[in-house]
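Q: full-length UniProt numbering puts the first residue of the sequence shown at 1, with every later residue one more than the last.
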Amino acid sequence: MSPAHRRFIPVAAFQPSPRRLQSMNATRPFRPLRRRPLTAAIALLLGGAYLPAAAQEAEADDGTQLDTVVVSATRRDESLQDVPINVTAVSGQEIERQGLKDLADLVRAVPGLYLVDQGGRDSNLLTVRGLNVNSLSASEGVGNDGGGVVAQYIGDIPLYLDLRLLDIDRVETLLGPQGTLYGSGTLGGAIRYLPNRPQLGQTSLEVSTGVTALSHSSGTGNETTLIGNLPVGEKGAFRAAVGYFDDPGFIDYGYLIRQPGVSNPQPDPDDPIAVSENLRREKDANFQRTLSGRLAFRYAFTDAVEANLSYFYQDQKSGGRTINHVEAFGTGRYTSASRFLEPNDRSNELLALELTADLGFATLTSASGYSKYDEDGQRDQTDLLLSFEYGYEDFPSFAAYTHERAEEKRYNQELRLVSNSEGPLDWIVGVFYNKSDLDATSAEFVPGIPEFMDIDRPDNLEYFQATYDTFTEKAVFGEIGYDLTDQWNVTVGGRWFEFKDDQKVGFALPLIDGSAPDEILLDYDPVKVSDRDHIFKFNTSYRFDERLLGYFTLSEGYRTGGSNAVPTCEDPLPPGQNVCALPNERLIKPDKTTNHEIGLRSSWFDGSLILNGALYMIDWEDIQVAGTTVNGAIPITVNAAEARSQGVELSAQARLSPNWRLTGSYTYNKAELTRDAPAIVSGEDAFDGDRLPGSPEHQANATLSYLRPLGDGMSLGIDYGVSAQSDVYTRVGLRNDGEILGGYAIHNIAANLYADRWTLRFYVRNLFDKYAETGVRNTYASIRDIEGDGTSFRLRSYYHSVLEPMRVGVSVSYTF
């Protein structure tokens with residue numbers, strides 16, 4: 001990419017090209033205002049409409065207008081201020097300028113979006129507008145879905161991936177259910193990563209390298225990226241972007257067993273010799289090493305027909321969890337008491353082909369994607385098996401671990417036709433197909449137990465499960481819009497969908513099922529599930545004048561159902577240990593959301609001030625909730641409860657002068673059950689009016705940006721941002737020993753020195769090294785001792801995820 005595309009020029013410091021966006025930064029919530037939050041928010045939302053007309057028409061100083069932002073969230077390229085739904089965008093320039101590296105950084109720039117940050121190892125829970133009923137818990141096992149409430153797209157291909165933010169044009173976030181155009185998983189919204197496309201006729205190469213350091217870490221990290229663009233004749237171009245990111249860890253694993261099945265996992269802490277002989281310490285174990293890259297080829301057959309072929313690859317290796325056991329085991333804030341290291345390796349690949357053809361009356365788009373996801377991980381499983389009290393607690397050296405592997409292959413195809421007419425009628429029609437094949441295994445090992453129990457099992461395998469799942473979804477969708485007048489538009493849309501889930505799962509208990517020493521006897525239990533349904537959308541918008549657009553939306557979102565990967569119980573149950581699902585625990589129904597939203601987009605003082613806002617109410621029914629089987633406590637999903645989420649989202653951008661810009665946002669959300677829900681919180685009832693867990697009621701952020709020319713073609717840019725959030729509940733209504741995770745604020749600063757061909761960047765995230773707990777597994781009540789025959793084991797299944805401490809980074813890039 002040429003220098004003009006990669007960096008600021010003094011006059012246009014805050015004015016990116018029309019395909020880029022200057023958006024808000026950070027969104028961690030805020031503390032309650034003295035005024036009632038919803039009343040104050042409504043006043044802010046509507047107040048802009050009553051600014052004196054004379055003030056709006058006053059001529060702004062030169063260089064104070066905010067640039068036009070173009071998004072494609074509605075499947076058409078439109079100015080953000082003309083889109084009659086709640087859409088935000090973060091530009092690639094903003095990502096680079098502020099040192100944003102991944103989804104955890106990105107969500108702080110989007111009002112209403114929240115990530116339960118559990119570190120790089122785990123699949124983090126992503127929520128929007130408070131739509132979460134599950135108790136906060138560190139993700140066990142492997143997974144690649146982020147909770148299923150917010151869909152994620154790379155271009156036009158649905159794929160959940162915590163993508164490293166490398167060579168990105170912009171990231172668009174659609175808030176509120178988006179089922180009509182985006183389908184399954186958009187109960188609360190959708191996120192779209194839009195990478196930079198190959199540029200025809202341009203040759204460029206940019207190389208960047210940098211170092212990072214974390215407080216509470218003994219090491220440093222580094223990152224190196226390379227971005228190149230090469231034309232192929234007049235009609236084609238290649239683009240490549242690759243980056244390697246070595247992020248240092250800051251969590252020590254201080255209680256690792258030296259020799260599983262032999263070492264004492266809990267020696268007398270007052271005996272340093274016994275501690276040293278049985279345990280060891282691994283410093284900075286939660287490191288993360290990521291290789292991320294993309295190859296793209298673009299070819300323009302004619303002015304009307306174009307093809308874009310892309311290949312994405314990302315591999316993330318994590319050394320351990322980002323947790324502490326302060327309460328359960330008396331560790332420090334940045335120390336885990338897990339008995340085993342818990343590494344994880346997650347890789348994603350995507351091959352995507354987009355074909356577009358301008359047919360005159362409409363544009364035809366074909367988006368095809370083939371993706372592959374692999375994950376391999378290990379985790380401490382000691383506490384679960386101890387809590388069953390099967391007799392393992394009688395073995396003085398008892399400790400167990402689980403090894404899990406998953407592979408998923410997915411094919412997606414979407415064909416859509418979008419009208420090009422300038423008349424009063426516009427429309428979109430399309431078809432969608434998705435098929436995925438999952439192959440997953442989970443194996444639990446109990447070193448030393450077979451010998452202790454006089455069982456011939458050399459591999460120490462105690463439990464094994466294999467799952468094979470084929471999921472297929474088909475859909476037809478469309479929208480029709482009509483301009484009733486030059487100012488008033490009405491749009492209706494719908495989506496019909498059908499899914500089928502064909503699954504078989506088998507499990508084995510090698511220590512008790514009579515299998516040979518090296519044999520695994522799997523008894524597969526197949527199940528087939530299918531369903532079909534439809535959803536609806538209505539939107540109307542009115543443009544009062546060139547500065548003010550109001551809209552109302554009634555939209556629905558859905559999440560497909562399926563079946564739980566647990567074999568069905570025998571009837572009657574055999575005596576002894578059983579790991580199975582009762583008939584009512586096997587099937588999962590789809591859940592739905594219905595959104596009522598009124599919004600306002602406004603621009604004032606000749607475009608130097610933008611104020612946008614929305615009020616919403618979302619009803620959620622047949623909610624899919626995490627649970628466990630009665631027999632074996634295997635994690636499953638069940639349908640239970642109904643809930644309502646309502647609130648307000650406000651955002652503002654102001655160009656204070658040619659050198660100064662201020663952006664910010666505020667979100668208030670109230671999400672609670674609307675019906676009693678028996679046994680929804682780990683077996684305990686929850687009730688109408690109970691607050692939902694997993695997100696704060698208040699979020700706010702503000703960023704002040706400054707750019708100053710220095711002469712000789714150089715300029716200096718500085719960004720200072722703060723994001724804040726209120727507290728988070730860990731369980732519905734704090735039932736069954738739920739707790740409150742306190743609110744906090746994070747300060748960030750970044751400085752960029754720009755020259756003709758090089759840029760020097762310096763940033764600090766979490767400037768004041770704030771400590772905060774961002775997630776939790778289990779409850780304080782789970783802390784107990786399991787007594788055996790002359791033994792005692794303290795359970796450590798209760799722990800907290802913690803916020804990354806202060807990160808300092810410096811990098812230099814050069815464009816050839």
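The beta-carbon is built from N, C-alpha and C at its ideal position, and this holds for glycine as well.
Give the secondary structure of residue 767 by DSSP, where H, G and I count as helix, E and B as strand, and everything else as coil.
A: coil
Q: Tell me the start and end of each unbroken beta strand (DSSP E) in the segment 396 to 479 that is at least 3 residues and wholly inside, in chain order.
A: 401 to 419, 425 to 445
Q: Just verifying my parser: in three-state terms, what is the DSSP assignment at residue 565?
A: The answer is coil: DSSP assigns residue 565 none of H, G, I, E or B.
Q: Taking the alpha-carbon positions, what's the residue 689 to residue 636 distance?
A: 25 Å
Q: In three-state terms, what does DSSP make of residue 801?
A: strand
Q: Taking the alpha helix (DSSP H) that residue 272 falls in, what are its first and last residues?
A: 272 to 278
Q: By DSSP, does residue 80 sit in helix, in strand, or in coil?
A: helix
Q: Which residue comes first and which comes last in the beta strand (DSSP E) that contains residue 702?
A: 698 to 711
Q: When the Cβ atoms of the segment 520 to 532 are set against those of the segment 494 to 511, are three or more pairs found closer than 8 Å?
A: Judged by pairs of C-beta atoms under 8 Å, the segment 520 to 532 touches the segment 494 to 511, as three or more such pairs exist.
Q: When burial is assigned at 16 or more other CB atoms within 10 Å of the CB, is residue 771 buried or exposed?
A: It counts as exposed.
Q: For residue 789, which of 128, 397, 223 has the nearest alpha-carbon?
A: 397
Q: For residue 326, report the span of its alpha helix (DSSP H) as first-last.
A: 326 to 329
Q: Scan the segment 513 to 551 and note each continuous alpha helix (DSSP H) run of 4 residues or more that stays entirely inside, going in chain order.
A: Those alpha helix (DSSP H) runs which fall completely within the segment 513 to 551 and span 4+ residues do not exist here.
Q: How far does the beta strand (DSSP E) with residue 182 in it reach, from first residue to last?
A: Counting along the chain, residue 182 falls outside any beta strand (DSSP E), though it belongs to the alpha helix (DSSP H) covering 179 to 182.
Q: Kindly indicate which residue of 275, 602, 292 has the alpha-carbon position closest to the one of residue 821.
A: Here the chain covers residues 1 to 816 and nothing more, so residue 821 does not appear.
Q: So, residue 444 versus residue 400, is the Cβ gap smaller than 8 Å?
A: It is a contact, given that the beta carbons lie within the stated cut-off.
Q: Could you round the C-beta distance between residue 378 and residue 343 to whole angstroms and report it? I think they count as a contact, below 8 Å.
A: 6 Å
Q: Below 8 Å between beta carbons: does that hold for residue 317 and residue 218?
A: no
Q: List the whole-angstrom C-beta distance separating residue 666 from residue 647, where the pair is believed to meet the contact cut-off of C-beta under 8 Å.
A: A Cβ-Cβ distance of about 10 Å is found for the pair residue 666 and residue 647, leaving them out of contact under the 8 Å criterion.
Q: Anyone know if the C-beta pair for residue 229 and residue 208 falls short of 8 Å?
A: no
Q: Ignore the nearest five residues each way along the sequence and tell me which others in residue 488's own chain have a CB closer than 7 Å to its CB.
A: 542
Q: Look at the Cβ atom of residue 511, then the Cβ atom of residue 447, and state whether they are nearer than 8 Å.
A: no
Q: Cβ of residue 97 within 8 Å of Cβ of residue 717?
A: yes
Q: Following the continuous alpha helix (DSSP H) through residue 501, name the residue where it begins and the one where it ends.
A: No alpha helix (DSSP H) holds residue 501; the beta strand (DSSP E) holding it covers 488 to 508.
Q: For residue 733, would you say it is in contact with chain D, using Cβ-to-Cβ distances shorter than 8 Å as the test?
A: No chain D appears in the structure shown, which is made up of a single protein chain.
Q: Exposed or buried, residue 553, counting other C-beta atoms within 10 Å across all chains shown (16 or more means buried)?
A: Burial call: buried.
Q: Tell me which residue opens and which closes the alpha helix (DSSP H) that residue 94 is part of.
A: 92 to 98
Q: Going by DSSP, which residues form a beta bridge with residue 793?
A: 786
Q: Which term fits residue 803, buried or exposed, when burial requires 16 or more other beta carbons within 10 angstroms of its beta carbon?
A: buried
Q: Beta-carbon separation of residue 655 and residue 686 under 8 Å?
A: no
Q: Quick check on the burial criterion: 16 or more other C-beta atoms within 10 angstroms. Buried or exposed for residue 754?
A: buried
Q: Got a sec? Which residues, its chain only, sit under 6 Å from residue 762 by beta carbon, not counting five neighbours each side?
A: Excluding the 5 residues flanking it on each side, residue 762 has same chain C-beta neighbours closer than 6 Å at 751, 810, in chain order.
Q: Just tell me which of 749, 356, 149, 268 has its CA closest to the CA of residue 302.
A: 356
Q: What did DSSP end up calling residue 772 once you bin it into helix, strand or coil?
A: Under the three-state reduction of DSSP, residue 772 is assigned to coil, being neither helix nor strand.
Q: Report buried or exposed for residue 273, applying the criterion of at least 16 other Cβ atoms within 10 angstroms of its Cβ.
A: Result: exposed.
Q: Starting from residue 245, follow the beta strand (DSSP E) in both directions and report where the run begins and ends.
A: 236 to 247
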